[in-house]
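Following: one structure in structure tokens, then a few remarks.
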Amino acid sequence: MSVSKVWNYFSKVEIDGETKAVCNYCNRKLVGSSKKGTSHLNNHLLRCPVMKNVETQKKEMSTCPETAGIGGDFLFDNERSCLDLARMITRQRCPLDMVEHESFQTFVKNLQPRFTLPSQDTLKADILHVYREEKLKLHEYLGKLSCHFSLIMQFWTCHRMKNVYCCFAVQFLEDGVTLKKILALQKVDHSDYHQGTLLFERVKSLLEEWNIDKKLCSITLRSSASNDKMVQSLKSLLSQRTNCQMPLFEHFFHIHCITYIINLPLQDGLNEMAGLLDKIRNTIRYINEASPRWELKFQHILEQHNFRDKYSTIFEYVSTRWDSTFLLFESAMELRELFSHLDTTDCSFMDLNPHEDEWIMAAIVYKTLKYTYDSICSVLGCKCLTANVYFNKVCDIYSMLLELQNNSHKFVRLMAAKMKEKFESYFGKCRMVLAIAAILDPRLKLEFVQSAFEVLVGDDQARIIVADIRNILNDVFDSYAAEPGVQVQELSSSFSTSHMINQWRQSKRHKSAASPRAELNRYLQEDVINNAEEDFDILGWWRTNSSDFPTVGKMALNILSIPMSTCTISNSGFNNRTMMMINPTLDSLNLEIIEALVCGEHWLGDEHSSIYSLNAEPTDQEKLDPFSIYNIIRESRDRHLYIRACQALGTQFGSNNLMESSLACGESGSSIKK
43 MSVSKVWNYF SKVEIDGETK AVCNYCNRKL VGSSKKGTSH LNNHLLRCPV
93 MKNVETQKKE MSTCPETAGI GGDFLFDNER SCLDLARMIT RQRCPLDMVE
143 HESFQTFVKN LQPRFTLPSQ DTLKADILHV YREEKLKLHE YLGKLSCHFS
193 LIMQFWTCHR MKNVYCCFAV QFLEDGVTLK KILALQKVDH SDYHQGTLLF
243 ERVKSLLEEW NIDKKLCSIT LRSSASNDKM VQSLKSLLSQ RTNCQMPLFE
293 HFFHIHCITY IINLPLQDGL NEMAGLLDKI RNTIRYINEA SPRWELKFQH
343 ILEQHNFRDK YSTIFEYVST RWDSTFLLFE SAMELRELFS HLDTTDCSFM
393 DLNPHEDEWI MAAIVYKTLK YTYDSICSVL GCKCLTANVY FNKVCDIYSM
443 LLELQNNSHK FVRLMAAKMK EKFESYFGKC RMVLAIAAIL DPRLKLEFVQ
493 SAFEVLVGDD QARIIVADIR NILNDVFDSY AAEPGVQVQE LSSSFSTSHM
543 INQWRQSKRH KSAASPRAEL NRYLQEDVIN NAEEDFDILG WWRTNSSDFP
593 TVGKMALNIL SIPMSTCTIS NSGFNNRTMM MINPTLDSLN LEIIEALVCG
643 EHWLGDEHSS IYSLNAEPTD QEKLDPFSIY NIIRESRDRH LYIRACQALG
693 TQFGSNNLME SSLACGESGS SIKK
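Quick note: the sequence shown, position 618, residue 660 per my numbering, numbers continuous.
So this is what it looks like as structure tokens:
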């Protein structure tokens, strides 16, 4: 006796002595006795809303590239869906309490009634599960690589300086492409942060956990006494280990963050002109906070002299980011003519507006800031910038400071002198690696480096510096030449099968073997290539020409891929702080969850992804969402913080009224202390 196909969609169960047919889709209980037949069951399937939804999904899946050809019916898996939700929340930075929002629950219920949304605690457990899975995959992936690794360290803190975190990432070269991977985010005690010994233990443990201690070639971090001490201890440890790559990179092992080196002297220079900055800030503040009556007069001037478009560029000053100082100057310089017109209509504004000689100094400072701003922007705009591009940028900034020292204004000369003094002290720490990276650029070579130093320090001092650079370059080359099997993977080319070309290249290699440094000398003596393109693929050039320069080629690929800035893992090139700011909504979570979210977002993205979004520094495009602001208000009992948060929230809701802002986030402000 055949069984009706309808039982593929129902399950027989005994309930209180009666046989029931339970729908596998909506769980409705119908009469299940064989005496009653199956017509009523077939009729239910025609009306079952869940059944219709599943059938629609099947049709869509049959045409979907990701599911086409799977065969069989789609089977819903609640556990898999929970992990998919955890991945989505991690990668898209969704709030964890989203699973408790009524609107989201309704949406999910209509989409898949059988899916049980996890609680926040269960969601956190799923996020940790995904994190451990991805960590294991990354560990296995890195373990299979034979390339060198560069470690990047950057310190973060929260908005109340309560906790300090250290973000660890590695940069490496695979198949000619520079890649970065975040390894960990660890909480660091304030005492650890200021003690090199404790930092050393943490770094040592991390390198051993990921099994990259013998492949480490450099470490990039900001300059500080504790960091210097930690790096020195690490060098001593690694130099004693067999098969360790560190000796090849002894001269380039400790990389001082180049954007930090640019930032520090620049901030000192800005401090020297605090008075002028205050005047410009007060001038713009006066315009922004003008009375309604004055506003009408002001609007008339804007229309009369066509200043409307320029006025829209006025920028709000952010004290922790010096780029806001540059943007402030940029706004002021564009509105200088407008300020002159306002001088004749408002006596109060006349007292605030800088004098003519102050405007001249402001123009000079603006020019200085603009070049530095553009230089750092070009660094931040590329997630994997090769080391050869920095030498020229740093030399240009240094040359500009020398020029400012000869300015006719004493104020500018003093500012430039202070900036130059600090710039020299830090430039000396990274001068060698920047110069050698520039030499390994076939468009520049040693000739350009020597010319640059002659301009900066004079011919006599330049000869001494270049001689030191050449000696270290020779030492590094000798270390590589002594390595067995020096070989660099070449790019495929139709010329590679040419017998004559192969013979020519083999002849050149034999000549190089006769004199250990002949290959290096030949590279330096050959003419520079004529390629001024900004997107010149220097790594590709070296892979293509590795047959001509096998030892120099391997050396160049390794050195050029060393990260010169910690800003490659967070958009912090303009920050004045010693540490970056982590999003306050993250800081309130458990450390294990914070690390899972930070690392997970990066790992679940593509290989070029970054974590710029986790830096909570406010910009025009990145501001705290209203719910985050509300949480800050709710947790705070400080009236000033309360007012600032309400104003920020009011701006996002289109309201500048403090009470409206308070009501918009559900707080009246009555609990805030006066």
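Don't be surprised by glycine CBs; every beta carbon is placed ideally from N, CA and C.
- Here the alpha carbon of S607 sits roughly 12 Å from the alpha carbon of N305.
- Here V518 is near M597, since their CB atoms are less than 8 Å apart.
- DSSP, read as helix, strand or coil, puts M606 in coil.
- Boundaries of the alpha helix (DSSP H) harbouring M442: 432-446, taken from the DSSP string.
- At a Cβ-Cβ threshold of 8 Å, F157 and I604 do not count as neighbours.
- Per the coordinates, the alpha-carbon of L562 lies some 8 Å from the alpha-carbon of F591.
- Inclusion of I224 and C209 in the CB contact set at 8 Å is warranted, their separation being smaller than that value.
- Boundaries for V150: no beta strand (DSSP E) harbours it, while the alpha helix (DSSP H) harbouring it runs 144-153, taken from the DSSP string.
- Check the Cα spacing between V219 and each of R585, Y183, L631, H644: the tightest is with R585.
- Take the alpha-carbon of K222 and the one of E176: they are about 15 Å apart.
- Pairing I580 with I439, the inter-Cα distance amounts to about 23 Å.
- Sequence-distant partners of F391 (beyond 5 residues in either direction) whose C-beta falls short of 7 Å from its own C-beta, in its chain, are Y328, L384, D385.
- In summary, I506 is exposed, with fewer than 16 beta-carbon neighbours lying within 10 Å of its beta-carbon over all protein chains present.
- In the DSSP annotation of this structure, the continuous segment of the alpha helix (DSSP H) that includes E489 starts and ends at 487-499.
- In this model, S192 and F118 are separated by some 44 Å (Cα to Cα).
- Counting along the chain, the unbroken alpha helix (DSSP H) around Q134 starts and ends at 120-134.
- In the DSSP assignment, C259 is bridged to no other residue.
- Rounded to the nearest angstrom, the Cβ distance from L482 to E400 is 46 Å, too far for a contact under 8 Å.
- If you draw a 10 Å sphere on the C-beta of E637, you find 16 or more other C-beta atoms in it, and that means buried.
- For A226, there is no enclosing alpha helix (DSSP H); the enclosing beta strand (DSSP E) has its first and last residue at 219-230.
- According to the DSSP secondary-structure assignment, S53 is paired through a beta bridge with V64.
- Counting only the Cα atoms, A226 lies some 10 Å from W252.
- Annotated three-state conformation of Q503 is helix, per DSSP.
- Taking 8 Å as the cut-off, the Cβ atoms of T325 and L639 do not count as close.
- Between the C-alpha atoms of S76 and Q147 there is a straight-line separation of about 39 Å.
- Contact between E634 and L170 holds: their C-beta atoms lie close to 7 Å from each other, under 8 Å.
- Per DSSP, the continuous alpha helix (DSSP H) segment holding C641 begins and ends at 633-646.
- Assigned with DSSP and collapsed to three states, H296 falls in strand.
- As DSSP reads the structure, L72 sits in a beta bridge with A63.
- Using a C-beta cut-off of 8 Å, the region 476-496 makes no contact with the region 452-467, since fewer than three inter-stretch Cβ pairs fall below that distance.
- Judged by their CB atoms, Q154 and L138 are not nearer to each other than the 8 Å cut-off.
- Proximity to K321 across H296, D393, K339 peaks at D393, based on C-alpha coordinates.
- Short of 7 Å from the beta carbon of V172, and not among the five residues preceding or following it, lie these beta carbons of its own chain, in chain order: L125, A128, R129, T132, G642.
- Bounds of the beta strand (DSSP E) holding Q213 are 206-216.
- A straight-line Cα-Cα distance of about 12 Å links P307 and I300.
- Proximity to C68 across L83, K78, E60, I57 peaks at L83, based on C-alpha coordinates.
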